[in-house]
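K.L.:
Sharing a structure here in structure tokens format.
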Amino acid sequence: MAFNVGDFKDVEIMVAETGWAYRGDSNEVGTSVENARAYNGNLIAHLRSMVGTPLMPGKSVDTYIFALYDENLKPGPTSERSFGLFYPNLTMTYDVGLSKNSQTPTTPTTPTTPSPKPTAPVWCLPKADIPDDQLQSNLDYACGHGIDCGPIQPGGACFEPNTVKSHAAYAMNLYYQSLGKNPWNCDFSQTATLTSTNPSYNACTYPGGST
């Protein structure tokens, strides 16, 4: 809008740096392979579509992804060393569809080594001994992505037991079931696991089923 007001409608725009960390410290919410793949993968898909922006439809935007390689010697939080699409040894951290060997280059959610989806009913639950602060991060992340977390609110069928672990388990599973039941939807920074044991109890029903 500012460009239009100043009559600079034809100025070329370049995004100098954008990216997402695939790993971070316990207090760095949202740093995971699934989030990094989703962010960069959807970014690439959008740029390839040539949709442009609302003010510049159909216009390409030169964009630089941060980063091609991990800066493994960089000081600071773990996330600062975990933005790369490749490790320093040249192996891929996760696949966003840019390499020649990508299985489906236009699909942002394709993992590097595709795993077959389970055919029997499965549920996504926290691994044992995950600390409450990480479970709270998982809970906030899952409920922040548009799933219905009403059942774990006061008065809901799954509110009791009123613990972070119980609420996180319900939200993580619902996130997994709602986003396609792919293995990477049950990652949560490697704090989740799939199980064939139905965790439902009393009036609390955990969504699940075959894929």
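Per the working numbering, residue 16 is the first one in the sequence shown, and the count goes up by one each step. Idealized CB from N, CA, C, for every residue including glycine.
So Val179 packs on Leu154, CB below 8 Å; how close in whole Å?
P.N.:
Right, their Cβ atoms sit about 7 Å apart.
K.L.:
Would DSSP call Trp35 helix, strand or coil?
P.N.:
Trp35: coil per DSSP, three-state reduction.
K.L.:
Would you tell me roughly how many angstroms separate the C-alpha atoms of Ile28 and Asn87, rounded to the nearest one?
P.N.:
Rounded to whole angstroms, Ile28 to Asn87 spans 30 Å at the Cα level.
K.L.:
Determine whether the beta carbon atoms of Ser211 and Ala135 lie at a separation below 8 Å.
P.N.:
A contact, by the Cβ cut-off of 8 Å.
K.L.:
Can you tell me whether Ala186 is buried or exposed, with buried defined as 16 or more other CB within 10 angstroms of its CB?
P.N.:
With 16 or more Cβ atoms within 10 Å of its Cβ, Ala186 is classed as buried.
K.L.:
In the structure shown, what three-state DSSP assignment does Met29 receive?
P.N.:
Three-state DSSP puts Met29 in a strand.
K.L.:
In this structure, what does DSSP give as the bridge partners for Phe101?
P.N.:
According to DSSP, Phe101 bridges with Tyr84 and Met107.
K.L.:
Suppose the cutoff is 7 Å on Cβ atoms and the five residues either side in sequence are ignored; what does the same chain contact list for Gln192 look like?
P.N.:
If we look at Gln192 and ignore the five residues flanking it on each side, its Cβ neighbours are Pro222 and Gly223.
K.L.:
Using a 10 Å radius around the Cβ and a threshold of 16 neighbouring Cβ atoms, would you call Gly39 buried or exposed?
P.N.:
So Gly39 ends up on the buried side.
K.L.:
Is it buried or exposed for Thr108, if we count other Cβ within 10 angstroms and need 16 for buried?
P.N.:
So Thr108 counts as buried.
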